[in-house]
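Trainee:
Residue numbers (our numbering): 1 to 187.
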């Protein structure tokens with residue numbers, strides 16, 4: 001049988017990873033998000049000093065749309081990723097994409113039609129729900145949606161409360177993103 005001999009190990013040093021985006025943009029600023037599917041745009045209030053949320057990132061897709069951060073990397077692993085989410089339509093579907101390798105391989109924390117929170121794995125384009133919990137969403141209300149991934153453990157959080165959890169031995173790490181489908185979601 002062929003063998004392999006390890007000669008030299010190289011390590012890439014990294015600073016602690018911190019990513020944040022308030023979606024406030026000056027004209028000509030390079031976007032931090034790349035549209036993969038659907039329609040995505042920053043919406044700014046005409047009176048930002050009087051708005052509770054002057055800048056929002058809106059996504060719309062049918063059945064799904066993805067925006068992936070240009071500032072995330074394929075090797076990211078063991079992280080917490082969260083966003084503030086609001087949809088005027090309580091039956092829309094929105095969520096977080098994490099551990100994304102490509103369009104056919106990723107994980108998803110999805111709030112399906114405002115009725116159910118799901119942890120999903122997509123491998124080779126085939127979706128499998130790993131965990132789910134009934135959860136009603138009110139239209140026009142802000143929520144904090146987050147996912148934590150560590151080792152083989154995945155947890156989905158809503159407003160600081162763990163709602164769904166699963167283990168997955170296939171976790172490899174990957175990019176972060178936002179997902180929208182069946183209506184419009186705002187972050």
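Ideal placement from N, C-alpha and C gives every residue a C-beta, glycine not left out.
All of these numbers come straight from a predicted model, not from anything done at the bench.
Is residue 94 buried or exposed, if buried means 16 or more other CB atoms sit within 10 Å of its CB?
Mentor: The residue is buried, with at least 16 neighbouring Cβ atoms inside 10 Å.
Trainee: Counting C-beta neighbours from all protein chains within 10 Å, is the total for residue 138 16 or more, i.e. buried, or is it exposed?
Mentor: The residue in question, residue 138, is exposed, as its Cβ has fewer than 16 Cβ neighbours within 10 Å.
Trainee: Please report how far the alpha carbon of residue 128 lies from the alpha carbon of residue 6, in whole angstroms.
Mentor: Approximately 37 angstroms between the Cα atoms of the pair.
Trainee: Less than 7 angstroms separating the beta-carbons of residue 131 and residue 83?
Mentor: Result no, Cβ atoms of residue 131 and residue 83 do not sit closer than 7 angstroms.
Trainee: Can the beta-carbon of residue 86 be found closer than 7 angstroms to that of residue 142?
Mentor: For residue 86 and residue 142, yes; Cβs fall inside 7 angstroms.
Trainee: Measure the CB-CB distance between residue 99 and residue 173 and report whether it falls below 7 angstroms.
Mentor: Yes, they are a contact pair.
Trainee: Would you report the Cα separation of residue 145 and residue 124, rounded to the nearest angstrom?
Mentor: Their Cα atoms are separated by approximately 26 angstroms.
Trainee: Should residue 118 be labelled buried (16 or more other beta-carbon atoms within 10 Å of its own) or exposed?
Mentor: Buried is the call here.
Trainee: Given a threshold of 16 other Cβ atoms within 10 Å of its Cβ, counted over all protein chains shown, does residue 111 qualify as buried or as exposed?
Mentor: Buried, since its Cβ has 16 or more Cβ neighbours within 10 Å.
Trainee: What is the C-beta distance between residue 73 and residue 175, in whole angstroms, given that I count them as a contact (C-beta under 8 angstroms)?
Mentor: Correct: roughly 7 angstroms between the Cβ atoms.
Trainee: Give me whichever residues DSSP pairs with residue 2 in a beta bridge.
Mentor: Paired residue(s): none; residue 2 is not in a bridge.
Trainee: Which runs of the beta strand (DSSP E) at least 3 residues long sit entirely within the segment 127-165? Give them in chain order.
Mentor: Runs of the beta strand (DSSP E) inside the segment 127-165: 143-150 and 153-158.
Trainee: Residue 140: which of 167, 109 and 114 sits nearest, CA to CA?
Mentor: With distances taken between Cα atoms, residue 140 lies closest to 114.
Trainee: Who pairs with residue 98 in a beta bridge, going by DSSP?
Mentor: Answer by DSSP bridge pairing, in chain order: 107.
Trainee: Could you pull out every residue in the same chain whose Cβ sits closer than 7 angstroms to the Cβ of residue 90, ignoring the five residues on either side in sequence?
Mentor: Excluding positions up to five away in sequence, the list reads 114, 137, 138 and 139.
Trainee: So which of 101, 79 and 92 has the shortest CA-CA distance to residue 116?
Mentor: Selected option, being the one with the closest Cα: 92.
Trainee: Quick one: what's got a C-beta closer than 8 angstroms to residue 71's C-beta in the same chain, skipping five residues either side?
Mentor: Around residue 71: 19 and 32.
Trainee: How would you write the range of the beta strand (DSSP E) that residue 9 sits in, first residue to last?
Mentor: No beta strand (DSSP E) contains residue 9, which DSSP labels as neither H nor E.
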